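Novice: Numbering (my numbering), first residue to last: 6 to 785. Ideal Cβ placement from N, Cα and C applies to all residues, glycine included. Treat the numbers as computed from the prediction; the structure is a model and nothing was measured.
(1) Return helix, strand or coil for residue 370, following the three-state DSSP convention.
(2) At which residue ranges does the stretch 663 to 722 contain complete alpha helix (DSSP H) runs of 4 or more residues, listed in the order of the chain?
(3) Name, in chain order, the residues that DSSP records as bridge partners for residue 566.
(4) Cβ of residue 613 within 8 Å of Cβ of residue 644?
(5) Between which two residues does the beta strand (DSSP E) containing residue 416 stretch?
(6) DSSP on residue 766, reduced to helix/strand/coil?
(7) Does residue 570 pass the burial test, meaning 16 or more other C-beta atoms within 10 Å, or should it be called exposed?
(8) From 480, 491, 389, 420, pick the residue whose C-alpha is nearest to that of residue 441; which is it?
(9) Return the bridge partner residues of residue 446 from the DSSP annotation.
(10) Leaving aside the five residues before and after residue 285 along the sequence, list all residues of the same chain whose C-beta is less than 8 Å from its C-beta, in chain order.
(11) With distances taken Cα to Cα, identify the nearest neighbour of residue 599 among 558, 568, 575.
(12) Nearest to residue 353 by alpha carbon, out of 417, 378, 380, 332?
(13) On the CB-based measure, 16 or more other CB atoms within 10 Å of its CB, does residue 305 come out buried or exposed?
(14) In terms of residue numbering, what span does the beta strand (DSSP E) encompassing residue 540 cover?
(15) Starting from residue 786, trace the alpha helix (DSSP H) both ways and give me its first and last residue.
(16) Going by Cα to Cα distance, which pick from 673, 624, 677, 308 is closest to residue 1?
(17) Within the same chain, show all residues whose beta-carbon is closer than 6 Å to that of residue 208, passing over the 5 residues directly before and after it, in chain order.
(18) Please name the residue in 415, 322, 216 whose C-alpha comes closest to that of residue 369.
(19) Could you tell me the alpha carbon to alpha carbon distance between residue 541 and residue 763, rounded to whole angstroms?
(20) If you reduce the DSSP assignment to three classes, tell me which class residue 774 lands in.
(21) Is there contact between the stretch 737 to 757 and the stretch 532 to 549, where contact requires at least three CB pairs shorter than 8 Å?
(22) Can you list, in chain order, the residues of its chain whose CB lies under 7 Å from that of residue 400, leaving out five sequence neighbours each side?
(23) By alpha-carbon positions, which one of 444, 678, 641 ends up nearest to residue 650?
(24) Would you kindly check if the distance between the Cβ of residue 365 and the Cβ of residue 410 is under 8 Å?
(25) By alpha-carbon positions, which one of 55, 21, 59 ends up nearest to residue 42?
(26) Leaving out the 5 sequence neighbours to the left and right, which residues in its chain are closer than 6 Å to residue 204 when beta-carbon positions are compared?
(27) Pairs of beta-carbons, one from the stretch 70 to 88 and one from the stretch 108 to 119, closer than 8 Å: are there three or more?
(28) Where residue 334 and residue 398 are concerned, what is the direct C-alpha to C-alpha distance, given to the nearest angstrom?
(29) For residue 750, tell me which candidate among 723, 711, 184 has the shortest Cα-Cα distance.
(30) State buried or exposed for residue 18, treating a residue as buried only when at least 16 other CB atoms are found within 10 Å of its CB.
(31) Return yes when the Cβ of residue 602 is within less than 8 Å of the Cβ of residue 642, no when it is not.
(32) On the criterion of 16 or more Cβ atoms from any shown chain inside 10 Å, does residue 740 qualify as buried, or is it exposed?
(33) Does DSSP classify residue 278 as helix, strand or coil?
(34) Taking residue 608 as part of the alpha helix (DSSP H), name the residues at either end of that continuous run.
(35) Sort out for me which residues DSSP pairs residue 157 with in a bridge.
(36) What's the call for residue 786, buried or exposed, on a 16-neighbour Cβ count within 10 Å?
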């Protein structure tokens, strides 16, 4: 039906076939017209099947091409035989002589089927022995059926001489041989082509039934007026033609499960004729009362042995399924393991190389999974992996492969489908939004995801190993960025593209007792969702005037048991658990709300500096989002300075540059935070249009004791003068450092020497001390 819907020509062929069948059954136009239609139609359908077989041979390779060529030659013999038959019946108006050239043509098909059988895929001694035994069982059962139905009468018909008897017996024997060999081939082909060979086998069975029906009716003197033999043969021809068309047009995919045990139906196939053969033998010999006891005993013995054999087959199949499960499935989660995943990816890439079918790979690694094992126990870790496997399978459309490659590492093969890889990756990430219940605890675990798409046909092809390597590189870049999330592989990306130093440092990260650390992850999620984080503000001081010319927003978590936690105590957990986006939105909203209380254009212009994680600058909607938040509180863009955390890689510098230019055109100032501490220190100055540079405290703090540090700071400050940007020194803790920076020409400084971070109320009190207008800093 799918073929008919896909191509109108199939529907036209079905209409012609149905008209042909109805014509023969109804006998329209009388015997002569019906004979003409039967003969011409038989030749036409034989020619159609021959042409389809040639098409399949041209599209195939290796043994498949040879097999279809042999079948094409066999049906070419049918065309020749049909033409000879039609010439005698339609032109001469007499029955063809027997034997004749037509019989030679008709018998070419069994020879072709024998060639296909020789090309069967079974290999090895045991496989050959199995096929020999299967062939013996099938042939013996079919021979009993054929003998009882027609052959017995052929050899006992006194009207036939020995030569004609032998020639007449060739047809049922050839039909028996064709069916036997086709079943053997069907039981040996890979699953990907089994449906095609199934159609061909069904077609050969229909042809064999037509031959046997014709012979039976001929022996009963009823053949000339019956259309059933021709209808049966033409039906078989169309089945084989359909199989050829499928072989030529359907894109073959040799599944990774080709090495699975044979399906149960295929294993039972050789035994299918046996019950019918036993029933036919019993019916044939039943009139002889003397042998009935022996006959019944033999029949019961054969049937019992058959049932016993089928029972063993079912049990063996169950055991083989278990072996296959252990060989190609992860025992803990039931997902595909690395062996099956790699095999399927091999075939997906093979298809991609051949016809450009898209394929992508997701590589997932869980963040903080070791924390679960260490604090809750390995039984909770195993339960978590099983639950994650279920969520992944539910997040991915059917037809894609989800695998566990080992430990807490998962991977997904994404092939052609209505959804793009990015959409599926987003849905996979969202599957981790809800907490996992482990021993009564709400545990939030998020993955770092690497996504890579195989290159198109216009690009150099890559193999499975290289595609997996790229997915892993993207995943590690996502993981080492500190925020996890999804990272798309871009050419030239390397694992070392991300500095491993955390932006706020792990040295001060709070250490909690077991289970409490897991609980902290759950509490973090609830705090972020509830907007319960607070902002403290550290003033930024003009070294020339001593005025407050800006403030930096710093996140604080007022914890009910642990007190007020600072960024170095909880932000690493927020990054690793994929909460940076939610925290960024929360900080923007709170900072804008707080700044609206003190910022007065033309009176007190003290901007607030908000630190954004570098990947945020790859979002083209960032300027609109920030602008909408400020507009909601009546603030101009000049009220905010956007800081880039310099520790981490900007995955797309060109996109980031466009976003920064949009921010600056809108009136925002852009600053590089922690300059000198992370990735691409100098390249940011070269590639990004920034307004301000903040020197990292690790260079500022040791200036008095370390001349090299002082020289670096001095050089960077002079560089900012050359570039026309503002310099800000972080971490100023004493008057001597402040004075040295002032001598170097530094514009702005911040640190505990000037003022510690304070909450909004205290900040407003500091700002109210002076009525002087604090102008935004400018380059010196």
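Specialist: With the structure as the only source:
(1) The sequence position of residue 370 within the chain shown is 365, counting from 1. The answer is strand: DSSP assigns residue 370 an E or B state.
(2) 686 to 692, 702 to 705
(3) Position 561 of the chain shown, counted from the first residue, corresponds to residue 566. None; residue 566 has no bridge partner.
(4) As a position in the chain shown, residue 613 is number 608, starting the count at 1. As a position in the chain shown, residue 644 is number 639, starting the count at 1. The answer is yes: Cβ separation under 8 Å.
(5) Taking the chain shown and counting its residues from 1, one reaches residue 416 at position 411. 414 to 420 is the span of the beta strand (DSSP E), which, as asked, contains residue 416.
(6) One-based indexing of the chain shown puts residue 766 at position 761. Looking at residue 766 - three-state DSSP - the assignment turns out to be helix.
(7) As a position in the chain shown, residue 570 is number 565, starting the count at 1. That one is buried.
(8) Counting from 1 along the chain shown, the entry for residue 441 is found at position 436. Checked all of 480, 491, 389, 420; the closest Cα to residue 441 is 389.
(9) Here residue 446 corresponds to residue number 441 of the chain shown, with the count starting at 1. The partner list for residue 446 (beta bridge, DSSP) reads 443.
(10) What you label residue 285 is simply residue 280 of the chain shown in a count that begins at 1. For residue 285, where only same-chain residues beyond five positions count, the Cβ hits under 8 Å are 149, 150, 153, 154.
(11) Reading the chain shown from its first residue, position 594 is the one you call residue 599. If we check each option's Cα against that of residue 599, 558 comes out closest.
(12) Sequence index remark: in the chain shown, residue 353 carries index 348 (1-based). Measuring from the Cα of residue 353, the nearest candidate turns out to be 417.
(13) Taking the chain shown and counting its residues from 1, the one referred to as residue 305 is at position 300. Residue 305 should be labelled exposed.
(14) Residue 540 sits at position 535 when you count from the first residue of the chain shown. Looking at the DSSP string, the run of the beta strand (DSSP E) that includes residue 540 is 539 to 547.
(15) Only positions 6 to 785 of the chain appear in this structure, which leaves residue 786 out of reach.
(16) Since the first residue of the chain shown is 6 and the last is 785, residue 1 is not available in this structure.
(17) Taking the chain shown and counting its residues from 1, one reaches residue 208 at position 203. Excluding positions up to five away in sequence, the list reads 241, 244, 245.
(18) The count along the chain shown starts at 1 and reaches residue 369 at position 364. The candidate whose alpha carbon is nearest that of residue 369 is 415.
(19) Against the chain shown, residue 541 aligns to sequence position 536. Against the chain shown, residue 763 aligns to sequence position 758. When rounded, the distance between both Cα atoms is 5 Å.
(20) Taking the chain shown and counting its residues from 1, the one referred to as residue 774 is at position 769. If DSSP states are grouped into helix, strand and coil, residue 774 belongs with coil.
(21) yes
(22) As a working mapping, residue 400 is identified with position 395 in the chain shown. Excluding residues within five positions, the ones whose Cβ falls inside 7 Å are 432, 433, 436.
(23) Working through the chain shown from its first residue, we reach residue 650 at position 645. Of 444, 678, 641, the residue nearest in Cα terms is 678.
(24) Residue numbering aside, residue 410 sits at position 405 when the chain shown is read from its first letter. Residue numbering aside, residue 365 sits at position 360 when the chain shown is read from its first letter. No, these two residues do not count as a Cβ contact at 8 Å.
(25) One-based indexing of the chain shown puts residue 42 at position 37. Per the Cα distances, 21.
(26) Translated into the one-based positions of the chain shown, residue 204 becomes position 199. Closer than 6 Å at the Cβ level, and outside the excluded window around residue 204, lie 244, 247, 248.
(27) yes
(28) Walking along the chain shown from the start, residue 334 turns up at place 329. Walking along the chain shown from the start, residue 398 turns up at place 393. Whole-angstrom Cα-Cα distance: 14 Å.
(29) Counting from one through the chain shown, the residue named residue 750 turns up at place 745. Taking only the C-alpha atoms, the option nearest residue 750 is 723.
(30) One-based indexing of the chain shown puts residue 18 at position 13. Looking at its Cβ environment, which holds 16 or more other Cβ atoms inside 10 Å, residue 18 is buried.
(31) Working through the chain shown from its first residue, we reach residue 642 at position 637. Working through the chain shown from its first residue, we reach residue 602 at position 597. No, the pair does not count as a contact, with Cβ atoms beyond the cut-off.
(32) To locate residue 740, count along the chain shown from 1; it is residue 735. So residue 740 counts as exposed.
(33) The count along the chain shown starts at 1 and reaches residue 278 at position 273. In the structure shown, residue 278 sits in a helix (DSSP, three-state: H, G or I).
(34) Mapped onto the chain shown, residue 608 falls at position 603. Per DSSP, residue 608 belongs to no alpha helix (DSSP H) and is neither H nor E.
(35) Locating residue 157 in the chain shown gives position 152, where the first residue counts as 1. According to DSSP, which records beta bridges pairwise, residue 157 is partnered with nothing at all.
(36) A question about residue 786 goes unanswered here, because the residues of the chain that appear run from 6 up to 785.
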